[in-house]
Amino acid sequence: MIGVQIRQLRKSRGLTLQELAGKAGTSASALHRYETGWDRFEVATLRRIATALDAHLDVRLVAAESRIVGKPSPTVVVNQLGPLFWDKPLTADDLESHPLWVLSRVLMFGNSGQVRVARAFFGDGLIRDAAGRRGVDGRTRAYWSLVLGDAGASPGAQ
Numbered sequence: 004m005i006g007v008q009i010r011q012l013r014k015s016r017g018l019t020l021q022e023l024a025g026k027a028g029t030s031a032s033a034l035h036r037y038e039t040g041w042d043r044f045e046v047a048t049l050r051r052i053a054t055a056l057d058a059h060l061d062v063r064l065v066a067a068e069s070r071i072v073g074k075p076s077p078t079v080v081v082n083q084l085g086p087l088f089w090d091k092p093l094t095a096d097d098l099e100s101h102p103l104w105v106l107s108r109v110l111m112f113g114n115s116g117q118v119r120v121a122r123a124f125f126g127d128g129l130i131r132d133a134a135g136r137r138g139v140d141g142r143t144r145a146y147w148s149l150v151l152g153d154a155g156a157s158p159g160a161q
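Residue numbering for the sequence shown follows the numbering used here, beginning at 4 and increasing consecutively.
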C-alpha cells in the first residue's frame, strides 16, 4: 500500500525514480522495490522519501484481521515459503525435520504473508527459538522479541 502511495505522489509531482532517489538520498533501484511491493521499509528511509515528496509520513499500528483460520496444511506452507529456498527446494518433510532452519530463513527474508503462514503453522514458541538462533541478525532478533513480548528476555530463553 505504501509503495503505491509513493509511486502516485512521485508521478503527481512529475518526478522520475532517479530524481526522487537523488532528493531522498537513496537509489532508484531501492525506490523501485518500494513501489513494487517490497515490504521491508526502514522508517528513516520512508521519512527521507516523504520529505523529498513534500508529504507527511504517518506511521500507525492497526490490529490486523487474521486471514489464516486454523493451522495451514504443509502443502500450503511449502507453496507459500518455497520461493525463500533458492538453494534447496523446500519439502513438507523439511517443515517437520528442520523447523528452525525453515523459520530462520522466513524471519530474515520472508514477506508479511510468508511470516503469517509460518507463524500459524509453527506457533510462537518455535518462532522465538528460531529468532534466537546463531546467524539470525540482531534486528530480526530484536523485532521478534518485541512482537512476542519478550522485552528484557534473551531470545530463545523461554
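C-beta: ideal position from N, C-alpha, C; glycine also.
Item                                                                                                                   : Value
MET111 in three-state terms, based on DSSP                                                                             : helix
Exposure of GLU38, with buried meaning 16 or more beta-carbon neighbours within 10 Å                                   : buried
Assumed close pair ARG13, LEU23 - CB separation to whole angstroms, cut-off 8 angstroms                                : 5 angstroms
Other residues of its chain near VAL62: CB distance less than 7 angstroms, five sequence neighbours each side excluded : VAL46
Rounded separation between GLN21 and ALA27 - CA only                                                                   : 10 angstroms
Outcome for GLY116 when other beta-carbon atoms lying within 10 angstroms are tallied against a minimum of 16          : exposed
Rounded separation between LEU87 and GLY138 - CA only                                                                  : 16 angstroms
4-residue-minimum alpha helix (DSSP H) runs that sit fully inside the segment 31-85, ordered along the chain           : 31-38, 46-55, 77-84
Of the listed residues PHE124, GLY128, LEU110, nearest to TYR146 (C-alpha basis)                                       : LEU110
LYS91, DSSP secondary structure in three states                                                                        : coil
Beta-carbon spacing of LEU56, LEU49 below 8 angstroms                                                                  : no
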